[in-house]
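A.B. asks:
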Amino acid sequence: MGAAAEHASRPLTAALAAVALAAAGTLAVGAAPAHSAGCAGYVGLTFDDGPSTAHTPALLNALRANGLRATLFNEGQYAAAYPAQVRAEVSAGMWVGNHSYTHPHLTQETQAQIDSEISRTQSAVAAAGGGTPVLFRPPYGETNATVRTVEAKYGLTEIIWDVDSQDWNGASTDAIVQAVGRLGSGQIILMHEWPANTLAAIPRIAQTLAAKGLCSGRISAQTGRAVAP
Ligand SMILES: [Zn+2]
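Sequence positions in the sequence shown follow mature numbering (1 follows the signal peptide of the UniProt record, and there is no 0) and run -31 to -1, 1 to 198.
This is the structure in structure tokens:
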């Protein structure tokens, strides 16, 4: 992009940021501040497979206590079963994404089945008060042209990850913290809401990011990268 185009985009970017801040101010009641002034860059923390009454409340408490925000890729079946937890996620300043309804291997399903998995989750999250998702993470990170066709139908941006914490595979708390330490600005890490080691890692994740001048951000549906909230 040339310098002229870059300069021309600045007033619009500033205006959008102002609108976003105004909107956030009305929504994120009690959410931790973004600390944007001290952020050299942003990373996308993601936690999959919720919500649940067993794990979501503790995760949200830990994230808020440590000034972190994250994207939570919910399964539709659990959003439907635990709508209050979806609302709690939003109230805690988190963003809710679509992680399919029943967590199948989508690349082994027909387009109609994929459509059902995605559309029912869009509806379940919205009905619970989580808004209509704009981000989709296919289970196991497995995708193909058919999956992408359905994502496009629902206006969803596919989000995989740059770093896999391996928390689903028994990674230690130390290993999860070290994985976060490998994140660069704009990058996204895969974690889950259910491993005990992940919950235990939250305070040290916050310390690790702060030491690098990085903050937790939202994931842009336009770019698929982590950006300022
Ligand atoms: Zn999953």
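C-beta: ideal position from N, C-alpha, C; glycine also. Owing to the predicted nature of the structure, the values given are computational and were not obtained by experimental measurement.
Quick one, which of A170, T71, A93 and L37 has its alpha-carbon nearest Q54's?
C.D. replies: Closest option to Q54, Cα to Cα, is A93.
A.B. asks: Figure out for me which residue from V65, V116, T71 and H74 has the closest Cα to the Cα of T101.
C.D. replies: Out of V65, V116, T71 and H74, V65 has the C-alpha closest to the C-alpha of T101.
A.B. asks: For G45, collect the residues of the same chain with a Cβ closer than 6 Å to its Cβ; drop the 5 residues on either side in sequence, then sort them by chain order.
C.D. replies: Cβ within range, chain order: Y70, R89, T90 and A93.
A.B. asks: On the DSSP bridge list, what partners appear for H161?
C.D. replies: H161 pairs with D17.
A.B. asks: To the nearest angstrom, how far is it from the Cα of A50 to the Cα of G13?
C.D. replies: Distance between the alpha carbons of A50 and G13 is about 26 Å.
A.B. asks: Under a CB-based cut-off of 9 Å, is Y47 close to chain C?
C.D. replies: Among the protein chains of the structure shown there is no chain C, as only one such chain exists.
A.B. asks: Between the Cα of G7 and the Cα atoms of R194, K181 and A190, which residue gives the shortest distance?
C.D. replies: Comparing Cα positions, the closest option is K181.
A.B. asks: Closest to H68 by C-alpha separation, out of A195, A197 and L125, would be which residue?
C.D. replies: For H68, the nearest C-alpha among the options comes from L125.
A.B. asks: In three-state DSSP terms, what is T126?
C.D. replies: Strand at T126.
A.B. asks: Just the C-alpha distance for G10 and A48, rounded to the nearest angstrom, thanks.
C.D. replies: If you take the alpha carbons of G10 and A48, they lie about 31 Å apart.
A.B. asks: When you compare only the Cα positions, how much space is there between T112 and G36?
C.D. replies: Cα-Cα distance, rounded: 33 Å.
A.B. asks: Just jot down, in chain order, the residues whose CB lies closer than 6 Å to any heavy atom of ligand 1.
C.D. replies: Result (chain order): D17, D18, H68, H72 and P108.
A.B. asks: Might you give, ordered along the chain, the residues of its own chain that have their beta carbon closer than 7 Å to the beta carbon of A175, omitting 5 neighbours on each side?
C.D. replies: N35, G36 and L37, listed in sequence order.
A.B. asks: Can the beta-carbon of A61 be found closer than 9 Å to that of R33?
C.D. replies: Closer than 9 Å, so yes.
A.B. asks: Does the distance from the CB of V196 to the CB of S189 come in under 9 Å?
C.D. replies: Against a cut-off of 9 Å, the Cβ pair of S189 and V196 comes out as a contact.
A.B. asks: For L152 versus H24, is the C-beta distance shorter than 9 Å?
C.D. replies: It is not a contact, given that the beta carbons lie outside the stated cut-off.
A.B. asks: I need the boundaries of the alpha helix (DSSP H) containing V94, first residue and last residue.
C.D. replies: Per DSSP, V94 belongs to the alpha helix (DSSP H) from Q80 to A97.
A.B. asks: Report the three-state DSSP secondary structure of R173 (helix, strand or coil).
C.D. replies: It is helical.
A.B. asks: Classify V18 as buried or exposed, calling it buried when 16 or more other Cβ atoms lie within 10 Å of its own Cβ.
C.D. replies: Note on identity: in this sequence residue 18 is Asp, with Val being the wrong assignment. Label assigned to D18: buried.
A.B. asks: Do you know offhand how far A170's Cα is from P198's?
C.D. replies: Cα-Cα distance, rounded: 22 Å.
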